[in-house]
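Here the structure comes first, spelled out in structure tokens, and everything after it is commentary.
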Amino acid sequence: MSLRQKLLLVALCTLALPVAGWLYVRQMETLLRQGQEQALTATAAAVARSLAVTDIPLPQPGKGWYVQEAVNPIVIDGYGDDWAPMTPWSQPVGKQGKLLLAEDDNGFYLYIDVRVARRTRADAGDVNASSADHLMLDLVQGDQHRRYLIASAAPGAFTALTLDPSAGDLPDRVIGQWQEDGGGYHAELRLPRGLGLSALGVGIYTAANGGDPLAVETRPLWRYSQDVSQELALLAPSGTRARLLAPAGWLLAQSGRLTASGPQPGWWSSLIYRSLLANPLEEAEAWTTDAPKLDLPEVATARDGQATAVWRQGEERDSVVLATAVPVERGQTVVGVLLMEQASRAVPLLANRAFLSLLLTSFGVMLVAGAILLFFATRLSLRLGRLRDAVERAQVNDGRLDGQMIQSHFPMAESDDEIGDLARSFQKLFEAVGGYTDYLRTLASKLSHELNTPLAIVKSSLDNLEHAELSDEAQPYLARARDGVARLGTLVRAMSEASRMERAIAAAEPEDVDLVDVVRGCAEAYRPLAGTRPLECVLPDQSLHLHGAPELIAQALDKLFDNALSFTPPDGWLRLSLRPVDGGAEIELANQGPPLPAAMQGRLFDSLVSLRDKATPGDAPHLGLGLYVVRLVAERHGGVASARNLEDGSGVAFSLRLHGMPRQRLAG
997 MSLRQKLLLV ALCTLALPVA GWLYVRQMET LLRQGQEQAL TATAAAVARS LAVTDIPLPQ
1057 PGKGWYVQEA VNPIVIDGYG DDWAPMTPWS QPVGKQGKLL LAEDDNGFYL YIDVRVARRT
1117 RADAGDVNAS SADHLMLDLV QGDQHRRYLI ASAAPGAFTA LTLDPSAGDL PDRVIGQWQE
1177 DGGGYHAELR LPRGLGLSAL GVGIYTAANG GDPLAVETRP LWRYSQDVSQ ELALLAPSGT
1237 RARLLAPAGW LLAQSGRLTA SGPQPGWWSS LIYRSLLANP LEEAEAWTTD APKLDLPEVA
1297 TARDGQATAV WRQGEERDSV VLATAVPVER GQTVVGVLLM EQASRAVPLL ANRAFLSLLL
1357 TSFGVMLVAG AILLFFATRL SLRLGRLRDA VERAQVNDGR LDGQMIQSHF PMAESDDEIG
1417 DLARSFQKLF EAVGGYTDYL RTLASKLSHE LNTPLAIVKS SLDNLEHAEL SDEAQPYLAR
1477 ARDGVARLGT LVRAMSEASR MERAIAAAEP EDVDLVDVVR GCAEAYRPLA GTRPLECVLP
1537 DQSLHLHGAP ELIAQALDKL FDNALSFTPP DGWLRLSLRP VDGGAEIELA NQGPPLPAAM
1597 QGRLFDSLVS LRDKATPGDA PHLGLGLYVV RLVAERHGGV ASARNLEDGS GVAFSLRLHG
1657 MPRQRLAG
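Quick note on the numbering used here: the sequence shown kicks off at 997 and runs consecutively.
In structure tokens form, the structure reads like this:
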């Protein structure tokens, strides 16, 4: 990662400013919501108290039967097709039945569905009707009530059996339809609307389960009331929707409608609010469904005597709705639940305005800070780049240091900051390294020159000792001394040869040469030396010309072959190949053998570096000058020498990439 990228990454710390502002705006919106929640909850509690102290008929504690408004005309035929829109809100009766009650201008309707596996049939007028499967119906009108036994031995019309004497306006007989299917039976009947029933009792008796054949479950009747709705409309504030529910969630009264006030924000503000600012909202479907019963957790909480509030999505675009549920209590008993809802665009609008203002300010600060840091990082990167380029130019291709450049042209050495200190440190370091490098480069020639005279003296002394009379015990020591002098002389000659080789490479005369002929000739000469090791020669089909010194190229290949042969096992292989590359040619000599050590791959072509083990007595010493000569030849031809391990791990490959020597211009 570059310095500019790092500084830009540091500049991203300024993002803490908009993040902190974002958290502040969210907290502000939360506080606004809490204020609205408290205000609406207080209003709803006041309306609930008003309802409790008036003479409005509210449900009594306990369970009740809810009478729905008939959606479609109901035909008394014993089938539930007409009841389909109201079926989701059927009310359980006992363990096996479901009850539906409805009314319209034509009458009061009852539909009951009983699921029973085994049937015992009898008509209501039979003496065994009370012990067969039947229904009990108890109509309650104030203090009077009348019971009816409903049974049928076969599908079709039925007439209920009256069990009690006539009472008030309650009918003497009840007529309906009875139908059966594979899983049970269902009965449907209609009563006159003007009966004024206050409660209803329903019982299901099955012969298979037994029990009390005359038992009924009597509950008060609950229904939606227009009178209570009008009273609720007078108490509820404008701009709100109020719904009065029975403790079980049945709708008893409703007033008002939701209208969102305030201007409508644009799509961009809406997107920002929904994505970044809005606290979680409840889905609106459970609140907006036109259903006679609301199964909401807020209703259950209010039924337990605790007020609660919730924010949900509004019906209108970009609006939110605050809904609160409070208990309606008479004495210490909860007799109903009041839901009050209020739609608004004020909270999103205020939050959007605050957040957009904060965003503009924050991004302005970020842009200015980022531009300043980018300018500073760019200037710093350029200065460091100049220093890097100067360091790279200080070393020439053959490993020596450009002393003139170090002494006079090292950039930013006069600067007073830390980069100037670094440049001056580099300059001092290169001066010391340059002197040491020059000393090492001339060390071999100096040593060879200085050691020649002592070696000659030692050798002449050993020659004189041969003519002297020495004991047999001294002869081995004389032989060892001669062997040591010979080895030392070989070392001196090798160092002298390296110095002469450097001068010879520098003075070589170039010519146009076909590298195919040079490599082919070298390969033919190496095959006898390879012995049992196969040597493969891969050459291009066409000639490959290069302006260079063929004798130097051949000498470099000699060094590479000698090096490869020493590491190739007797049953190993060698491969010499030539191929053209952009602007020149590449010669590669690969051999089977041990891989190159990772720590030595960058130093193989340096002077006095060798991978061979210490030579045993009698072997020629290896000074590590062969690959150094290969590097000098490659650099003399404008190329580079390299070494790598083969991909399959079977050996190594040394390559010479040559681009040719510069052509000499003729004197005018």
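Yeah, the Cβ is synthetic: ideal placement off N, Cα and C, and Gly gets one too.
Source: prediction; values computed, not measured.
Within 8 Å, strictly: CB atoms of residue i and residue j
i       : j       : result
Ala1242 : Leu1228 : no
Tyr1062 : Leu1097 : yes
Ala1118 : Leu1157 : no
Val1295 : Gly1245 : yes
Pro1209 : Trp1174 : no
Gln1551 : Gly1647 : no
Trp1307 : Arg1029 : yes
Tyr1105 : Ile1070 : yes
Leu1531 : Val1629 : no
Proximal residues to residue i (C-beta, below 6 Å), its chain only, five neighbours per side dropped
i       : result
Arg1478 : Leu1458
Phe1557 : Tyr1522
Thr1202 : Val1112, Asp1129
Asp1567 : none
Thr1255 : none
Asn1393 : For Asn1393, the pLDDT reaches just 49, beneath the cut-off of 50, and the residue's location in the model is therefore unreliable, although a value from the coordinates is still provided. Contacts found: Glu1631.
Lys1455 : Val1481
Lys1289 : Trp1085, Gly1245, Trp1246
Thr1685 : The displayed coordinates of the chain run from 997 to 1664. Any statement about residue 1685 would go beyond what the structure contains.
Asp1109 : Lys1094, His1182
Glu1176 : Pro1151
Ala1149 : Arg1117, Ala1118, Asp1119
Cut-off 7 Å between Cβ atoms - residues of its own chain near residue i, not counting five sequence neighbours on either side
i       : result
Leu1511 : Leu1540, Leu1542, Leu1574, Ala1581
Thr1236 : Gly1252, Met1336, Glu1337, Gln1338
Arg1115 : Asp1129
Met1082 : Gln1064, Val1067, Leu1096, Ala1098
Gly1635 : Gly1580, Leu1652, Arg1653, Leu1654, His1655
Gly1060 : Arg1215, Pro1216, Leu1217, Trp1218, Ala1242
Arg1379 : Met1408, Ile1415
For residue i, the first and last residue of its enclosing beta strand (DSSP E)
i       : result
Thr1329 : 1329 to 1340
Asn1587 : 1580 to 1588
Trp1218 : 1213 to 1219
Leu1553 : Unbroken run through Leu1553 is the alpha helix (DSSP H), 1546 to 1563; no beta strand (DSSP E).
Leu1135 : 1130 to 1137
Gln1250 : 1247 to 1251
Glu1065 : 1061 to 1065
Leu1574 : 1570 to 1577
Gln1309 : 1304 to 1309
Leu1011 : Taken as a continuous stretch (DSSP letters only), Leu1011 belongs to no beta strand (DSSP E), as it is neither H nor E.
Leu1195 : Checking the sequence shown, residue 1195 turns out to be Ala, not Leu. Counting along the chain, the beta strand (DSSP E) containing Ala1195 begins and ends at 1195 to 1201.
Val1071 : Neither: Val1071 is in no beta strand (DSSP E) and is coded neither H nor E.
Exposure label - residue i; buried when at least 16 CB within 10 Å
i       : result
Gly1190 : exposed
Ala1042 : exposed
Ala1204 : exposed
Thr1374 : exposed
Thr1486 : exposed
Ala1120 : buried
Phe1372 : exposed
Leu1240 : buried
His1633 : buried
Ile1368 : exposed
Ala1611 : Caution is warranted here: a pLDDT of 44 is assigned to Ala1611, below 50, making its placement in the model unreliable, and the coordinate value is therefore given only provisionally. Under this definition Ala1611 is an exposed residue.
Gly1645 : exposed
Pro1055 : buried
Cβ of residue i within 8 Å of any chain B Cβ
i       : result
Ala1042 : In summary, chain B is missing from the structure at hand, where a single protein chain is found.
Extent of the continuous alpha helix (DSSP H) to which residue i belongs
i       : result
Val1515 : 1511 to 1526
Gly1622 : 1622 to 1632
Pro1293 : 1293 to 1299
Ala1282 : 1281 to 1284
Same chain, Cβ closer than 8 Å to residue i, five either side skipped, listed in chain order
i       : result
Leu1418 : Leu1383
Val1515 : Cys1533, Leu1535, Leu1553, Leu1572, Leu1574, Ile1583
Glu1507 : His1543, Gly1544, Ala1545, Pro1546
Val1333 : Leu1240, Leu1241, Ala1242, Pro1243, Gly1245, Val1295, Ala1298, Arg1299, Ala1321, Val1322, Pro1323, Val1324
Leu1474 : Leu1458, Leu1461, Glu1462, Leu1466
According to DSSP, residues forming a beta bridge with residue i
i       : result
Leu1095 : Gln1087, Ile1108
Gly1172 : Phe1154, Leu1185
Ile1146 : Leu1131
Asn1641 : Val1648
Gly1103 : Asp1100
Gly1121 : Paired residues: none, contrary to the question.
Residue i Cβ short of 7 Å to the ligand MN heavy atom set
i       : result
Phe1154 : Although the ligand MN was asked about, the structure shown includes no ligands whatsoever.
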